[in-house]
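Engineer: Starting off with a structure, shown below.
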Amino acid sequence: MNNTIIAPSVLAADFANLQKEIEMVNASQADWFHIDIMDGVFVPNISFGMPVLEAIAKHAKKPLDVHLMIVDPDRYVKTFADLGANNLTVHYEACTHLHRTLQAIKAEGMKAGVALNPHTPVALLADVVQNVDLVCLMSVNPGFGGQSFIEHTYKKIRQLKTMIDEAGATTLIEIDGGVNGNNALALTEAGADVLVAGNFVFRAENPTQTIADLRKLLS
Ligand code: DX5
Ligand code: ZN
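37 is the number of the first residue of the sequence shown in the numbering used here; add one for each residue after it.
Okay, structure coming up:
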């Protein structure tokens with residue numbers, strides 16, 4: 037779709053040249069920076085934390101879409117707001133009081149997102165969807181970039197789209213994991229609004245061109 041939001045995932049960037057990578061995205065046709073924060077507890081990997089996000093924010097000229105793969109995310113809502121996050125996405129599986137967490141995120145002036153692991157049914161969001169700005173459907177098990185896309189995600193997109201429409205909500209559907217030039221169009225046709233792409237963009241020979249090609253494919 038024409039208005040699909042493209043969000044390169046910084047996890048796949050060259051960390052030794054982070055400023056250059058950020059400037060590449062600034063100058064490209066991408067829309068957001070997707071930032072993966074992992075704590076080594078909720079997921080079996082540790083990515084990067086606040087000082088790195090602070091460095092990214094200093095150079096980024098597009099919205100920061102922060103995906104927290106951490107336990108007890110409530111502890112850090114204000115911290116991420118202060119660091120300049122525009123969207124803050126927490127995992128359904130990490131929140132005992134999800135409704136409260138979403139309110140806390142919005143109270144800090146951010147858009148509130150909820151991510152679902154591949155095994156978590158979309159139906160569990162029925163009573164909260166109208167309070168969610170963005171649902172991130174994980175199309176790989178969170179923790180690592182470069183994994184292959186789980187095909188069952190298409191069914192979840194369609195179910196979620198129906199749920200959002202029935203609620204009269206404007207919630208965005210984001211797909212995270214294994215997105216590439218072969219599945220991007222089909223994902224938007226199923227109802228996806230935001231496509232996260234890590235390896236597909238940053239490990240390409242020409243990332244700027246890859247983003248441009250993706251934009252063209254979706255137009
Ligand atoms: C996975 C992260 C993703 C990851 C996507 O846990 O949430 O955002 O960076 O990377 P690719 O696009 O390479 O699958
Ligand atoms: Zn992510």
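Note that the Cβ used here is the ideal one computed from N, Cα and C, for glycine as well.
#1: Does the separation of the CB atoms of I247 and S64 fall below 8 Å?
#2: With three or more C-beta pairs closer than 8 Å as the rule, is the segment 91–104 touching the segment 193–204?
#3: Residue ranges of each beta strand (DSSP E) run of no fewer than 3 residues wholly in the segment 183–230, ordered along the chain?
#4: May I ask you to report which of helix, strand or coil DSSP gives K97?
#5: Going straight from the alpha carbon of C131 to that of V150, what length do you get?
#6: Output the boundary residues of the beta strand (DSSP E) element that contains D72.
#7: If we count the other Cβ atoms within 10 Å of its Cβ and call it buried at 16 or more, is K101 buried or exposed?
#8: Are the beta-carbon atoms of G179 and M105 separated by less than 8 Å?
#9: Under DSSP, the beta strand (DSSP E) around I106 begins and ends at which residues?
#10: Helix, strand or coil for L254, going by three-state DSSP, please let me know.
#11: Give the secondary structure of H127 by DSSP, where H, G and I count as helix, E and B as strand, and everything else as coil.
#12: Classify M146 as helix, strand or coil using the three-state DSSP reduction.
#13: In terms of residues, what are the limits of the beta strand (DSSP E) holding A63?
#14: A233 to S255, Cα distance in whole Å?
#15: Would the beta-carbon of G227 be found less than 7 Å away from any heavy atom of the ligand DX5?
Structural biologist: So, from the listed chains and residues:
#1: yes
#2: no
#3: 208–212
#4: coil
#5: 10 Å
#6: F69 to M74
#7: It is worth fixing the name first, because residue 101 is Asp in this sequence and not Lys. D101 should be labelled buried.
#8: yes
#9: Taken as a continuous stretch (DSSP letters only), I106 belongs to no beta strand (DSSP E), as it is neither H nor E.
#10: coil
#11: strand
#12: coil
#13: Per DSSP, A63 belongs to no beta strand (DSSP E); it is in the alpha helix (DSSP H), L54 to A63.
#14: 17 Å
#15: no
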